[in-house]
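Worksheet: the structure to be examined is printed underneath.
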Amino acid sequence: MASVLVASNRGPVSYALGDDGSLDTRRGGGGLVSGLSAVSSQDSLWVCAALGEGDREAVRRGAGEPGVRMLDIDPEVYADAYNGIANSVLWFLHHHLYDIPREPVFDAGFRRRWESYRDYNRAFAEALAAEADESAAVLVQDYHLALVPGQLRALRPDLRISHFTHTPWASPEYLRMLPQDVREELLWGMLGADELGFHTWGWASSFIDCASVDGADGTARGVRRSDDPWHGVEHRRRGGPKRHTRVRAYPLGVDGEELRALAHRPEVDEKLARLRAETGGRKTIVRVDRTELSKNILRGLHAYRELLTVHPEWHDRVVHLASAYPSRQDLESYRAYTEAVTELADEINAEFGTTTWQPVLVSVKDDFPRSLAAYRLADVALVNPVRDGMNLVAKEIPVVSESGCVLVLSTGAGAHEELKDDALTVNPFDVTETAEALHKALSMPPTERTDRTKRLAAAATALPPQRWFLDQLEALREG
Numbered sequence: 002m003a004s005v006l007v008a009s010n011r012g013p014v015s016y017a018l019g020d021d022g023s024l025d026t027r028r029g030g031g032g033l034v035s036g037l038s039a040v041s042s043q044d045s046l047w048v049c050a051a052l053g054e055g056d057r058e059a060v061r062r063g064a065g066e067p068g069v070r071m072l073d074i075d076p077e078v079y080a081d082a083y084n085g086i087a088n089s090v091l092w093f094l095h096h097h098l099y100d101i102p103r104e105p106v107f108d109a110g111f112r113r114r115w116e117s118y119r120d121y122n123r124a125f126a127e128a129l130a131a132e133a134d135e136s137a138a139v140l141v142q143d144y145h146l147a148l149v150p151g152q153l154r155a156l157r158p159d160l161r162i163s164h165f166t167h168t169p170w171a172s173p174e175y176l177r178m179l180p181q182d183v184r185e186e187l188l189w190g191m192l193g194a195d196e197l198g199f200h201t202w203g204w205a206s207s208f209i210d211c212a213s214v215d216g217a218d219g220t221a222r223g224v225r226r227s228d229d230p231w232h233g234v235e236h237r238r239r240g241g242p243k244r245h246t247r248v249r250a251y252p253l254g255v256d257g258e259e260l261r262a263l264a265h266r267p268e269v270d271e272k273l274a275r276l277r278a279e280t281g282g283r284k285t286i287v288r289v290d291r292t293e294l295s296k297n298i299l300r301g302l303h304a305y306r307e308l309l310t311v312h313p314e315w316h317d318r319v320v321h322l323a324s325a326y327p328s329r330q331d332l333e334s335y336r337a338y339t340e341a342v343t344e345l346a347d348e349i350n351a352e353f354g355t356t357t358w359q360p361v362l363v364s365v366k367d368d369f370p371r372s373l374a375a376y377r378l379a380d381v382a383l384v385n386p387v388r389d390g391m392n393l394v395a396k397e398i399p400v401v402s403e404s405g406c407v408l409v410l411s412t413g414a415g416a417h418e419e420l421k422d423d424a425l426t427v428n429p430f431d432v433t434e435t436a437e438a439l440h441k442a443l444s445m446p447p448t449e450r451t452d453r454t455k456r457l458a459a460a461a462t463a464l465p466p467q468r469w470f471l472d473q474l475e476a477l478r479e480g
């Protein structure tokens, strides 16, 4: 039994099955892994899904890591829940990505997939209920598990439950696209929590705006109190007591010391030397993203093309280093987007490149050491998502940039709330504005660039992962 439990789709470890039947353990990283390290492993448990055959085999053999419980969920149920709902419906809603004349379509197939999503969430709720000490603190993570708080509340009303959403939250207009019964089930799932966390007050406020329910299952209304720091939702299920769910913002930052150590490992030094040779001493515009639709990579490339068109003085003086990690390639829309990124980069190189200058160096593979090397080399960081829960890249690059970098940051990034005073702000849809911001960034005097970078790095490290996690845990326990 555990007194602190974390639930997420992906866990802190994964397993690969070797040809000889052996299991190779691979440890993950990220803010949540770092944050949980602040809690004693003897008192904590991480509940996650078995994502591949290696993970499932580890579950069957009982060979899991101490403090981690993997759930071997039926692969068809998992596929429907993860790709069919979480990534194809909830992700698109929260990031406002739908091509409205064509999508979404909520038909019988959607209803079947929603049942799988409900079953997937229930598997987590039941595991948490079975593993939690009396009055334990349970911290549920992200849109994959939005129904868990409500399901867990029904099983274990004694528990303290929180949910943190790492994405934006949809506007009321977008959320109303969902069928009414599904929308209300989603909201009641979230409202099973005592505490709801978001990266920014903007996303937290969107949830409060959405949390208006007057249906067969009960009523809910968002509350903001000007004379009190309490903001949240007051609600009552039919036949139950009146409850309230507090809504807060916890803007995740980076661990500066750890990140700088990672960025100066020998393998990163080797990648940096290679990039220096490839860029030939030219200025660099760096972006590091997954090829995810909300990241806005294509408009970023169009802005770079416009920079080279309108400001030819930058020909042969700048290189755009674009790391684009393949993302969700089992979805056709993502495969097409990844192909479009490489095609546009090729077009820019064909239009402007010379025998001695390749304007865009694009890497469409998962190469973290190369990304860290690009961070160190960056003169300009381009972060222009259309809508993003936080975007840690915007915080990471200023922390490790060696000569100081100018951050070109869109208003759609959650990080914009914290970094806007020292970044060059752009409308993510305005290619011309972004091109001009790149020109201004490349032209900025070194002293101003250095001063901005120092302030950006200080803001980026203000709430490192361990403090971010502990703040939520303390707030949950205090009630």
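Numbering (the numbering used here), first residue to last: 2 to 480.
We treat Cβ as the ideally placed atom computed from N, Cα and C, and that holds for glycine.
heavy atom of the ligand NAP below 6 Å from Glu344 C-beta: Among the components modelled here there is no ligand, and therefore nothing to report on the ligand NAP.
In DSSP terms, what Cys211 is bridged to: Along the sequence shown, one-based indexing puts residue 211 at 210. Bridge partners of Cys211: none, in fact.
Three-state class that DSSP yields for Val381 in the structure shown: Numbered from 1 along the sequence shown, position 380 holds the residue referred to as residue 381. It is a strand residue.
The segment 372–385 touching the segment 398–408, judged by at least three CB pairs closer than 8 Å: As far as the Cβ criterion goes, the segment 372–385 touches the segment 398–408, which means the pair count is three or higher.
Closest residue to Leu192 among Tyr326, Met178 and Ala212 (Cα-Cα distance): Within the sequence shown, residue 192 is the residue found at index 191, counting from 1. In terms of CA proximity to Leu192, Ala212 leads the group Tyr326, Met178 and Ala212.
Asp25 versus Val48: straight-line alpha-carbon distance, rounded: On the sequence shown, residue 25 is found 24 positions in, with the first residue counted as 1. On the sequence shown, residue 48 is found 47 positions in, with the first residue counted as 1. Taking the Cα positions, Asp25 is about 20 Å away from Val48.
Three-state class that DSSP yields for Trp47 in the structure shown: Here residue 47 corresponds to residue number 46 of the sequence shown, with the count starting at 1. In the structure shown, Trp47 sits in a strand (DSSP, three-state: E or B).
Between the CA atoms of Val149 and Ala137 - distance to the nearest angstrom: Mapped onto the sequence shown, residue 137 falls at position 136. Mapped onto the sequence shown, residue 149 falls at position 148. Roughly 15 Å between the two C-alpha positions.
Residue(s) in a DSSP beta bridge with Thr166: As a first step, residue 166 must be located in the sequence shown, where it is residue number 165. Note: Thr166 sits in a beta bridge opposite Phe199.
Contact check, Leu197 vs Val248, beta carbons under 7 Å: As a first step, residue 197 must be located in the sequence shown, where it is residue number 196. As a first step, residue 248 must be located in the sequence shown, where it is residue number 247. Going by C-beta atoms, Leu197 is nearer than 7 Å to Val248.
Buried versus exposed, by CB contacts within 10 Å (16 or more), Ser295: Locating residue 295 in the sequence shown gives position 294, where the first residue counts as 1. By the neighbour-count rule (16 or more Cβ atoms within 10 Å), Ser295 is buried.
Own chain, CB closer than 7 Å to Val255, minus 5 neighbours either side, in chain order: Within the sequence shown, the letter at position 254 stands for residue 255. Once the five neighbours on either side are set aside, the close Cβ partners of Val255 are Leu393, Lys396, Glu397, Val400, Ala461, Thr462 and Pro465.
Under 7 Å between C-beta atoms of Thr201 and Glu66: Taking the first residue of the sequence shown as position 1, residue 201 is located at position 200. Taking the first residue of the sequence shown as position 1, residue 66 is located at position 65. Result no, Cβ atoms of Thr201 and Glu66 do not sit closer than 7 Å.
Identity of the residue in Ala51, Leu474, Thr310 and Asp21 nearest Ser9 by Cα: Position 8 of the sequence shown, counting from 1, holds the residue named residue 9. When only C-alpha atoms are compared, the closest one is Ala51.
Residue of Glu258, Asp120 and Pro13 minimising C-alpha distance to Met71: As a first step, residue 71 is located in the sequence shown; it is residue number 70 there, counting from the start. For Met71, the nearest C-alpha among the options comes from Pro13.
Stretch-stretch touch, CB-based, cutoff 8 Å, three pairs: the segment 228–246 with the segment 265–280: Fewer than three Cβ pairs drawn from the segment 228–246 and the segment 265–280 lie within less than 8 Å of each other, which leaves the two stretches out of contact.
Separation of Val320 from Trp358, as counted between CA atoms: Locating residue 358 in the sequence shown gives position 357, where the first residue counts as 1. Locating residue 320 in the sequence shown gives position 319, where the first residue counts as 1. Distance between the alpha carbons of Trp358 and Val320: 8 Å.
Boundaries of the alpha helix (DSSP H) in which Gln473 is found, first to last residue: Residue mapping note: residue 473 aligns to position 472 of the sequence shown, counting from 1. Per DSSP, the continuous alpha helix (DSSP H) segment holding Gln473 begins and ends at Pro466 to Glu479.
Rounded straight-line distance, which links the Cα of Phe165 to that of Gly85: Counting from one through the sequence shown, the residue named residue 85 turns up at place 84. Counting from one through the sequence shown, the residue named residue 165 turns up at place 164. Cα to Cα, Gly85 sits roughly 21 Å from Phe165.
7 Å Cβ cutoff met for Ile162 and Ala124: Within the sequence shown, numbered from 1, the residue matching residue 162 stands at position 161. Within the sequence shown, numbered from 1, the residue matching residue 124 stands at position 123. For Ile162 and Ala124, no; Cβs fall outside 7 Å.
Inter-residue spacing [alpha-carbon to alpha-carbon] between Arg283 and His440: Start at 1 with the first residue of the sequence shown, and residue 283 comes out as number 282. Start at 1 with the first residue of the sequence shown, and residue 440 comes out as number 439. In this structure, the straight-line span from the alpha carbon of Arg283 to that of His440 is close to 14 Å.
DSSP-derived helix/strand/coil call for Glu403: For the purposes of this step, residue 403 is taken as the residue at position 402 of the sequence shown. Coil.
Per-residue burial, His145 [other beta carbons within 10 Å of its own, 16 or more giving buried]: What you label residue 145 is simply residue 144 of the sequence shown in a count that begins at 1. With 16 or more Cβ atoms within 10 Å of its Cβ, His145 is classed as buried.
Reduced DSSP category for Leu410 - H, G, I as helix; E, B as strand; rest coil: Taking the first residue of the sequence shown as position 1, residue 410 is located at position 409. Three-state result, Leu410: strand.
Helix, strand or coil at Arg249 according to DSSP, with G and I counted as helix: Here residue 249 corresponds to residue number 248 of the sequence shown, with the count starting at 1. It is a strand residue.
Unbroken beta strand (DSSP E) run spanning His232, endpoints: Here the question's residue 232 lines up with position 231 in the sequence shown. His232 -> beta strand (DSSP E) spans His232 to Arg238.
Through-space distance from Thr285 to Arg261, alpha-carbon basis: Within the sequence shown, numbered from 1, the residue matching residue 261 stands at position 260. Within the sequence shown, numbered from 1, the residue matching residue 285 stands at position 284. Spanning the two alpha carbons is a distance of roughly 20 Å.
Cβ-based burial, Ser45 [other Cβ within 10 Å; buried from 16]: On the sequence shown, position 44 is the one that residue 45 refers to. Around the CB of Ser45, 16 or more other CB atoms lie within 10 Å, so the residue is classed as buried.
Same chain, Cβ closer than 8 Å to Gln181, neighbours up to 5 away in sequence not counted: Here the question's residue 181 lines up with position 180 in the sequence shown. Hits under 8 Å: Gly216.
Terminal residues of the alpha helix (DSSP H) in which Met71 lies: Position 70 of the sequence shown, counting from 1, holds the residue named residue 71. Residue range Val69 to Leu72 is occupied by the beta strand (DSSP E) that includes Met71, with no alpha helix (DSSP H) assigned at that position.
Under the three-state DSSP convention, the category Glu132 falls into: Translated into positions along the sequence shown, residue 132 becomes position 131. In the displayed model, Glu132 falls within a helix according to three-state DSSP.
Inter-residue Cα distance where the pair is Arg300 and Phe430: What you label residue 300 is simply residue 299 of the sequence shown in a count that begins at 1. What you label residue 430 is simply residue 429 of the sequence shown in a count that begins at 1. Using only the alpha carbons, I get a separation of about 7 Å.
Cβ-based neighbour list, Ala59, same chain, cut-off 8 Å, excluding 5 preceding and 5 following: Numbered from its first residue, the sequence shown carries residue 59 at position 58. Around Ala59: Tyr16, Leu24, Ala51, Gly65 and Met71.
Spatially closest choice to Leu253 from Met2, Asp81 and Met391, by CA coordinates: Stepping through the sequence shown from its first residue, residue 253 is reached at position 252. With distances taken between Cα atoms, Leu253 lies closest to Met391.
Status (buried if at least 16 other CB within 10 Å, exposed otherwise) for His167: Residue numbering aside, residue 167 sits at position 166 when the sequence shown is read from its first letter. So His167 ends up on the buried side.
Other residues of its chain near Gly68: CB distance less than 7 Å, five sequence neighbours each side excluded: Position 67 of the sequence shown, counted from the start, is the residue given in the question as residue 68. Counting only residues of its own chain and dropping the five nearest sequence neighbours on each side, Gly68 has a CB closer than 7 Å to the CB of Ser42, Ser45, Leu46 and Trp47.
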